[in-house]
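Protein chains in written order, with the working numbering: chain U, 1 to 216; chain R, 1001 to 1874. Quick reminder that beta carbons are idealized off the backbone N, C-alpha and C, glycines included. Heads up, the thing below is written out as structure tokens.
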Amino acid sequence: MANSSSATPSFKVVLLGEGCVGKTSLVLRYVEDKFNNKHITTVQASFLNKKINIDGKRITLAIWDTAGQEKFHALGPIYYRSSNGAVLVYDITDQDSFQKVKTWVKELRKMLGREVCLAIVGNKIDLEKDRTVPVQEAEEYATKVGALHFFTSAKLNEGVEETFLSLAKQMLAKSEEKEANGNLSRQNSLRRNMLVVTDDEPETAPTKSCCGAGGA
Amino acid sequence: MWSNYDEDLSQNEFFKQIKENHADILEKAAQEGWIVCVPRKGILKSEDFSMQLILDHILIPNSEDHYTTMNKKDVQLNKRCLILDQNNIFHTDVEVLFEETHYIEKSVKYLVWCVNSPLFLRRTRKHSLTPVVLTSIQDCIDFLYLEGFGRNLLESIQNLCVKFWTTHNNEFEMETLQSQKDSIGNLYSQCLQLCFKSDIIRDKCDKNINYLDNFKLSIETYMQYCLGKKLMYSVNTLEHFTDCIVNKIIRNSFNVGLEDLNISIDLNELIIDAKYEISRINSFITVLDKINCLSRIFNIFNNKTLKDNQTFYVTSDDYLQILIYLILKTNNPNWVANLTYIKEFQFTDNSQTNFFVVNLEAAISFIKSNEFLNTKKSSCDNTIFSKLYNKFKNKQNIAELYKLMQGEKAQLCHPLCSCPKCETKKPHDKPYKILNNLNQNFLIIASMENQLDFLEFLLTLDYEIDFQDDFGKTALHYAAEIGLQDILMLLINAQANVNILDNDKNTALHLACDRGHDNCVKALIYSSPFVEINLQNTSGETPLFLATRWGYFDIIKILLENGASVCIKNNRDLSIYKLSPNLYITKLFKQFGKQKSNNIIKEVINSTKTQDIILNISEACSNKLLTGLQQQGLTLGTPAKSPNELKKLDLLFKAIINNDLPLSCFYLGYNSNTLDYDNTKCHPLCTCNKCSNNEDDSVLASNITLDKFNVNMCNIEGFTPLHLAAKYGRTEILRILLDSGAPLNVCDNKTFYTPLHLAVMFQRVQTVKELLKCGNCNVDAQDVKGNTPLYYACVRNSNNLKIIESLLQNGADCQKRNCKEQTVLQICEVKNLFRVCRMLRESMGYPALAKLDKACSISNENYFDDDVNGFEFL
């Protein structure tokens, strides 16, 4: 959702997965930097804005953890609508959680189409000995549905940062590609709640004029 | 949570300087985990740049929250602020605005903190007072005041808003959401144009995107502030229906606790704070303030993560559940409208604030969903009371129940033992009279649990039906509160007092209105003529107030239609108009306020004109028929005067149709028991105390009857209860009606059917006989076509000879001519109804037949049987 060329593109990323697969730990691990064990801000596990700069390109990641309990499943669309990316987490020792990921993928593809970047994450690789979801099956599935696949361990801090970084890169590439296609009108239409006042603003740099703060 | 401030660091002069000239430092930072601080744009002038300054801005992590700069100065981090001076003498804390992670290569990175002012810069520069981050309407006004050069800008926006309301005064509330949004959006762009007339502002906006965003936000917010509560009111009107549904669910979930939503008890204290915060949401006018209210709630749970030195993370699940709990526990009647307002009238967008809005939306839709109902738990306790109760409840056999109710013989140490062990065993005197810890008896519990059959059984025992528990509530209160219409009807039927007050002076009607059970409100109002509709509870509120607060449109309408006053004020001196949440309800109040004054005038006129109404109807018929009517001794029913009476009549009709004798008696104002009093006398002329008491009662009862219900009342078509009872063959009810003085020869005002007509047409043999038994029954009453009951008996239902026979026995005249000048006999002959003709002829030839006794009629029947074989000889 690039607001304007000079503003930072802001990408919304939702975390989906069954309860107890470690979604929350994953976010926590991502915030608690290895350089920075005590967090600069009080950590909240449910919502996180992260500004990153990849090769001089600025991105803001808005990472939304979602409620994982089954009773909240129906609320999914409220959370993931208008998101650019999704991290689908399963527990490698729990086949059910992997099946759940599959239903999420289907749902997301149905509701958000091909636009959304998906990353499937097999968490808890520190429990490799109890693995029930075969590596091959998971990776083949990910390729089939056009998703990235990662193995992580929130406990040992393995693979967490790569996951988000790769996803961010993919989302950036996708948005750049879209911009290159001159598909700006469509982006505007996605922002239904926005009021476009461009016409009424005399001479305020037209490139900045799509109203909306730069997703800080 | 970071502040909303954002800037592109690549455009920051200071950071550029470091990148271009000190790449080695950045490389080192990436390796060692140093943090680069960058003062926000526009704070530093290029002449300030020096090597010292740059070194002051590189932080080397020391121990937790402590850093050393490359110049060996200590810095401490506390809640997003860098404390430069440990003794805090100079108040030189520097706010960290945001953090940015810079990746050089894969996984090689360093952190940059953008700070609000430079670190350790001795020379204090006087910089702009303008707030960088706007979080409330006050910030926005300050911003506009400072940047818009005084009051001018503020005043012009205000004028635009005032003008907006004068031009959109005409029921703006009734427009669709989209057109409301468009109108407001238009206003917003007018306000923006106004600001950008100034070259200076435009120039500043061009240079600094953050400044532009702030400008837009503050204009939007100030505009909302100027539009005031009227905008919210119109959203309330838009969403009134959904809000009403959500309110009903919320009001009926008062017993959902923390544990039902899996919220940790440890959070209880924080939840109290949050409850206070969220209860203020309606006192905020602007979207910005409302969102900040939500964000403060979020922060309440995030700022106190440390508890017993253990980090407690509030996850999305927790947050959502907390929010659901808060919504349930806050007496806010317009959650849906608030959500719509925040979602639709926010023109500047921000992903951070979006999160709060989305969570609110999720919480509300969860409450709306069915899933929510499953979280409610039924409490099961194991007290003696509930054990006994469950034992009784599940018994289907009534005899067994009675036995159980007498209590069981327990094995005591010895017959008179009173040791504690035996005390508990001792059978209760009347075990069904046992009370639980809230002093509730079985009657109340059975009502609460919707055990219709069990309650019906309990009502046969000697319970005091208006028994009040610790809260002063009766079984009726609970039935109304929970919304159990059947139970409610049963209790009303059993003569429960409908106007008992609980400890808060609420009647059952109050509770039904508060919880939005329109079925119970209807039941209370329509089935009980005594219900007081304008009683005030301890807050001085009538049921109408409660229904209005939660926006239950249907209930409000019922209450108003049945005489609820719109003039009463509550203890806080609020009138019902002030409380009205939306336009629809306000309109209803106005309409009824007017109608009421009209009604009073009408009533005065009506009381003098009742007689005329009957005449008017009669005039509609031909004069011939009218005189015929009078000659026949037929009368018309008394038309119901008020809608209230009509409703009562309607209910009575339904009871008659359903053959519900007790209910019919109830509507008629009889205690069904009083009917038996005549027979309970020791002997017919007894005057002993008991009998004379009974006599008084029955006299009293019949007096009340006259007051309560006019048995000759008819509906618009002129049908009286007697017509209905005759039509459906409700002989018992018919007898009661006749006993209470209903005129027998009454006819409706269209077809002129008498009850006898109807009973004959619908072949109610018993009813026909019952009607004929009354001496003054007009057997030959003619309807609008001049047809007598005999005509219908012979022509329409020629198979039912018994009815024809009864009619003929009572002297029905088969020679009477109808409007076409045909007699029944002629018609029957034309139609070849041989058996009927023969009966008719016989009745003419042998008029004595009418006076034949039973024995004779039996022989007649035999005779008819023969006739079946030989009727061709006739």
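{"query": "Could you give the DSSP three-state label for Gln1076(R): helix, strand or coil?", "result": "strand"}
{"query": "Any beta carbon of chain R sitting closer than 9 Å to that of Gln187(U)?", "result": "Interpretation of Gln187(U) is limited by its pLDDT of 47, a score under 50 that renders its predicted location unreliable; no figure is taken from the coordinates."}
{"query": "With three or more beta-carbon pairs closer than 8 Å as the criterion, would you say the segment 121-129 of chain U touches the segment 142-162 of chain U?", "result": "yes"}
{"query": "Closest Cβ-Cβ distance between Phe72(U) and chain R: below 9 Å?", "result": "yes"}
{"query": "Just the Cα atoms here: how many angstroms apart are Ala1479(R) and Met1448(R)?", "result": "6 Å"}
{"query": "Quick one: is Gln1193(R) buried, meaning 16 or more other Cβ sit within 10 Å of its Cβ, or exposed?", "result": "exposed"}
{"query": "What residue range is occupied by the uninterrupted alpha helix (DSSP H) comprising Arg1251(R)?", "result": "1240-1251"}
{"query": "Assuming Tyr80(U) and Ala1362(R) make a contact with CB atoms under 8 Å, what is their CB distance in whole Å?", "result": "Contact doesn't hold; Cβ gap of about 11 Å is too wide."}
{"query": "Got a sec: is the Cβ-Cβ distance from Ser1117(R) to anything in chain U below 9 Å?", "result": "no"}
{"query": "Of the residues Glu1456(R), Leu1737(R), Lys1028(R), which one's Cα is nearest the Cα of Glu1770(R)?", "result": "Leu1737(R)"}
{"query": "Between Asn1570(R), Ile1585(R), Ser1528(R), Lys1569(R), which has its C-alpha nearest Asp1554(R)'s C-alpha?", "result": "Ile1585(R)"}
{"query": "If you measure from the beta carbon of Arg29(U) to each beta carbon in chain R, is any gap under 9 Å?", "result": "no"}
{"query": "With H, G and I counted as helix, E and B as strand and the rest as coil, what does DSSP make of Phe1355(R)?", "result": "helix"}
{"query": "Check the C-beta distance from Thr24(U) over to Arg58(U) and give it rounded, since I have them as a contact under 8 Å.", "result": "Between Arg58(U) and Thr24(U) the Cβ distance is about 27 Å, and since that is not below 8 Å, they are no contact."}
{"query": "Give the single residue among Asn1247(R), His1240(R), Asn1810(R) whose Cα lies nearest to the Cα of His1925(R).", "result": "Look at the range of chain R in this structure, 1001 to 1874, and you will see that residue 1925(R) is not part of it."}
{"query": "Is the CB of Ser46(U) under 9 Å away from at least one CB in chain R?", "result": "yes"}
{"query": "Given a limit of 7 Å on CB to CB distance, which residues of the segment 1008-1036 of chain R reach chain U?", "result": "Asp1008, Ser1010, Gly1033"}
{"query": "How big is the Cα-Cα spacing for Leu1663(R) and Arg1841(R)?", "result": "45 Å"}
{"query": "Whose Cβ in chain R lies nearer than 8 Å to the Cβ of Gly56(U)?", "result": "Ser1010"}
{"query": "Give the straight-line distance between the Cα atoms of Asn181(U) and Asn84(U), rounded to the nearest whole angstrom.", "result": "18 Å"}
{"query": "What separation, rounded to the nearest whole angstrom, lies between the Cα atoms of Ser1622(R) and Thr1731(R)?", "result": "With a pLDDT of 43 at Ser1622(R), under the threshold of 50, the predicted position of this residue should be treated as unreliable, and no value is reported."}
{"query": "Identify each residue in the segment 164-177 of chain U for which the Cβ-Cβ distance to at least one residue of chain R is less than 8 Å, and report them in chain order.", "result": "Leu165"}
{"query": "I need the straight-line Cα distance from Lys1727(R) to Pro1721(R), nearest angstrom please.", "result": "10 Å"}
{"query": "From Asn49(U) to Trp1550(R), what distance separates their C-alpha atoms?", "result": "38 Å"}
{"query": "Could you tell me the alpha carbon to alpha carbon distance between Glu1020(R) and Arg1040(R), rounded to whole angstroms?", "result": "18 Å"}
{"query": "In the DSSP assignment, what are the bridge partners of Cys1714(R)?", "result": "Pro1639(R)"}
{"query": "For Leu1227(R), tell me which candidate among Ala1496(R), Phe1172(R), Asn1210(R), Glu1269(R) has the shortest Cα-Cα distance.", "result": "Phe1172(R)"}
{"query": "Note down, in chain order, every chain U residue with its Cβ under 8 Å from the Cβ of Glu1100(R).", "result": "Lys51, Ile52, Asn53, Arg58"}
{"query": "Just checking: is the beta-carbon of Asp1006(R) within a distance shorter than 9 Å of some beta-carbon in chain U?", "result": "yes"}
{"query": "Counting pairs of Cβ atoms below 8 Å between the segment 1340-1347 of chain R and the segment 1588-1596 of chain R, do you hit three or more?", "result": "no"}
{"query": "Roughly how many whole angstroms lie between the Cα atoms of Ile1058(R) and Ile1285(R)?", "result": "44 Å"}
{"query": "When the Cα of Glu1155(R) is compared with those of Tyr1225(R), Val1112(R), Cys1114(R), which residue comes out closest?", "result": "Tyr1225(R)"}
{"query": "So, is Thr1166(R) buried or exposed, given that buried needs 16 or more other C-beta atoms within 10 angstroms?", "result": "exposed"}
{"query": "Give me the DSSP bridge partner(s) of Phe1589(R).", "result": "DSSP lists no partner for Phe1589(R)."}
{"query": "List the endpoints of the continuous alpha helix (DSSP H) containing Arg109(U).", "result": "95-112"}
{"query": "Of all Cβ atoms in chain R, is any one closer than 9 Å to the Cβ of Trp104(U)?", "result": "no"}
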